[in-house]
Amino acid sequence: MAKHQDLADAIIKGDNTSSKEIAEKLVADGVSATEVLNEGMMPGMEVVGRKFKANEMYIPEVLIAARAMHAAMDIIKPLLTETGEEGKGSVVIGTVQGDLHDIGKNLVGMMLEGGGFTVVDAGVDVPPEKYIEELKKSKAKVLGLSALLTTTMPGMKEVIEAVKADSGMSNVKIMVGGAPLTQEYADSIGADGYAPDASSAVDLANDLMN
Ligand code: B1M
């Protein structure tokens, strides 16, 4: 039987063939998508983060680890996005301008879809005007901003101010998340909510929608 540690190791090594195969095996063995994510994939990325910080891994290796993470995410995506409920409305999500980290944002998007929301993914490195364009197109009532860098966190405030300044957007609620964020920071920039992880993002989106 495939093991969570094998999946974590494949991600750390950046072996996207193995990460995909092990995730497939775990799912075939009846392990839930959430368990595959929380017990195999996330611990793998945590090690990558620690090694990167300690200069034991460098950007090219982190990039191939991210590719291996995405390969496993592709396997669990259909399970995470399977939904009993539908029609909860649209949520626009994106990583703020200057920031290219998309793994957490993508997980939040998958979980939201699984929670019955229609997700409009604006991508990475998203400027304020692009969020507003996507909100207008989709008529979404919730906007989700992700940031992984302390240097791009202030970009969230710019987006919040731009959305609040737009008269057509007064009913849009904004939630923020990402590893360097805190509830205090979210409050200080005028966000309507903060979620520390992807599953709490779904609870928060439900609250904001009501
Ligand atoms: Co970067 N990077 N990185 N990186 N990278 C970090 C973030 C860093 C903490 C690493 C470190 O030093 N330990 C550090 C930031 C330090 C800081 O700001 N204080 C860092 C740095 C410095 C950089 C560069 C500047 C490096 C350089 O060029 N010298 C550079 C910046 C590029 C840019 O964005 N402009 C850079 C580049 C990269 C790669 C491209 C190589 C790659 C990204 C690949 C990709 O995303 N496609 C990368 C990676 C992979 C990381 C680490 C190792 C892992 C991030 C990740 O995917 N985690 C990261 C170290 C770490 O975080 N420990 C690091 C797994 C993911 C599931 O977690 O994204 O936190 P996370 O998402 C969680 C929650 O935060 C939350 O839910 C998710 C699931 O539970 N969440 C939300 C996220 N968004 C949310 C939104 C919500 C709600 C919840 O509502 C809307």
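According to the working numbering, the sequence shown is numbered sequentially starting from 3.
Note that CB positions come from ideal geometry on N, CA and C, so glycine has one too.
- With contacts defined as CB atoms closer than 7 Å, I134 and D101 fail to qualify as a contacting pair.
- Membership of T19 in the alpha helix (DSSP H) is indicated by the continuous run 18-30.
- The closest CA to that of F54, considering only L147, R69, V64, is found on V64.
- At a Cβ-Cβ threshold of 7 Å, A35 and L81 count as neighbours.
- Nearest in C-alpha terms to V121, of all of L147, P62, M59, P130, is L147.
- G89 sits exposed, since fewer than 16 C-beta atoms from the chains shown fall within 10 Å of its C-beta.
- Less than 7 Å divides the Cβ of I95 from the Cβ of K107.
- DSSP places S169 within a helical segment (H, G or I) once states are collapsed to three.
- Following the DSSP letters along the chain, one finds V49 inside the alpha helix (DSSP H) bounded by residues 44-55.
- Leaving aside the five residues that flank V126 on each side, the residues in its chain whose CB is nearer than 6 Å to its CB run, in chain order, T97, L102, D104.
- Here A74 is actually not in contact with K15; their C-beta atoms are around 13 Å apart, not less than 8 Å.
- In the displayed model, Y60 falls within coil according to three-state DSSP, outside both helix and strand.
- Between the alpha carbons of D8 and I24 lies a gap of roughly 7 Å.
- In the pairwise beta carbon analysis, the stretch 149-156 is classified as touching the stretch 181-189: at least three pairs are separated by under 8 Å.
- By the neighbour-count definition (other C-beta atoms within 10 Å, threshold 16), Y187 is a buried residue.
- For secondary structure counted as the beta strand (DSSP E) over 3 or more consecutive residues, the stretch 68-144 holds these complete runs in sequence order: 92-97, 120-123.
- Taking 6 Å as the cut-off, one finds no heavy atom of ligand 1 near enough to the beta carbon of G16.
- Take V204, set aside five residues on each side of it, and the residues of its chain with a beta-carbon closer than 7 Å to its own are M113, L114, G117, in chain order.
- Bounds of the alpha helix (DSSP H) holding V204 are 200-211.
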